[in-house]
Each structure stands twice: as structure tokens, then as C-alpha cells.
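Going by the numbering used here, the sequence shown opens with residue 18, and the numbers climb by one from there. Quick reminder that beta carbons are idealized off the backbone N, C-alpha and C, glycines included. In what follows, a structure is listed as C-alpha cells, so that the remarks can point back to it.
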Amino acid sequence: MTIQLVAVGYLLKYVFANQSPFYSILILLVMEIFAIYNIYGRIDAEISLDFKKTIAVSMFAGTSISILFFVLIVIGLEPWFRSDYFIPLSGMLIGNSMTGISLGVNHLIGGFRDNKRLIENYLMLGAEPMYAVEKISNRAFYNAVLPTINSMMGMGIVFLPGMMTGQILAGASPVTAIKYQIAIMMGILGSVTLTVFFMVNRGSKTFFNKRKQLKIK
């Protein structure tokens, strides 16, 4: 980990000194790819290719939308590709979304396995697949987003968050640091919520075949 951080430090030093949309987008893509493969590595079961594609698309689409909205609308970064802002902010949103999707995927798989017979009973009675798994999907979504919400609730009272602490140590006003921290936490919550929603909504469908039969063993 130490070698990895040192290497990233030198890389960012070069990128920050040579501002370019190419570098910002390239590093964003690298972070997305590593995050997706990290998610695959945290899954406790074998999953279908369709589910893997769903995870990748959900992660990339959800975080990209959130990053662009945050950079262009919330903070109005000029230019938008300014790497000393774009890359750290993107990293925070991608990292938290990666954790959220990892939790959501494992809870979703566990829910399907634990309730296989119940789901099949719903299907035999004529229920649509998405109705049969609605509670499982909702529970997976809730469990994936809950850690982010809990960290926001304890922020400032139980602990001082990293971004705020870093700015204060760098000499920024606590009020200014708080404003930035509130903004980034709302961005993180939005990114986690969006990516997990995409994954759960589309991912639940990959557990059924074209005949609306449950595929999980």
C-alpha cells in the first residue's frame, strides 16, 4: 500500500503541473476500472455475466453522472477538468460508491439465496418477478446506503471527517471547511444512492431467465 501511495503521489504531482482534460479523464477511467474489479473481488458467490455487466454499467454511469453534476453544477469548477479538484473529488465519490455497490451486491445475492423458495412460491401464484423480489431489493438497497447515512449522522459530533480535518490542518477556516465537507458528503450520498439504485433495479432482473424463472441455485 505504501508503494502504491508513493507512486500515486508522484503521478498526481505531474498531472497537477500539466493540466489537461485528457489526463483527468484517463485517471477517472482508471479509477472506475479498478473500482469495478475491486467490487468483483468482494463478491462472495459466482455471478452471471449479465450481473457483472450490470455492476460495471451501474458503477460507471452512476458515478459519472454524480461527478459531472457535482463539478459543473454544485461547485461550478472552471475549467471543469482542473485535476487538483476533479481527481480528488472523483476519487471520493467512486470510492464510496464502490463500497455501497459491494454491500448491495452481497445483500442482494444473500436475499435471493435465503428466500429462493418464497420467490418461487410468488412466481407459481402468478406474481411478476419484480414484485416477488421487491422486499429483497429494497432491503439490499437500504443496507448498501445505510453506512453512508450513518457516517453523515455522526459527522461533526462523533468524529471530524477527513476532508474537513485536512482543510483545517492546511489553515482553512473551520466554517469554510464545513461548507466543503457538507457539499462533498451530499455528493457522496447522491453518488452511492444512484449507483446502488441502478445496480439493484437492473441486477434483480438478471436472476431470472426469459421465461421469468429464477436462475439462482
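Under the DSSP assignment, Q21 falls in the alpha helix (DSSP H) whose first and last residues are T19 to A34.
With fewer than 16 other Cβ atoms from the protein chains shown falling within 10 Å of its own Cβ, A187 counts as exposed. For P191, the enclosing alpha helix (DSSP H) begins and ends at P191 to G220.
Residue pairing by DSSP leaves F39 without any beta bridge partner. According to the DSSP assignment, S107 belongs to the alpha helix (DSSP H) that extends over S100 to D131.
Per DSSP, reduced to three states, the secondary structure at L231 is strand. As the crow flies, the alpha-carbon of N123 is around 6 angstroms from that of I60. Less than 8 angstroms separates the beta-carbon of F158 from that of V217.
Spatial neighbours of V32 in its own chain (CB-CB distance under 6 angstroms, excluding positions within 5 residues in sequence) are listed in chain order as Y40 and S100.
Between I199 and P164, the alpha-carbon positions lie close to 17 angstroms from each other. A distance below 8 angstroms separates the beta carbons of M147 and S221. Taking the Cα positions, V88 is about 13 angstroms away from I42.
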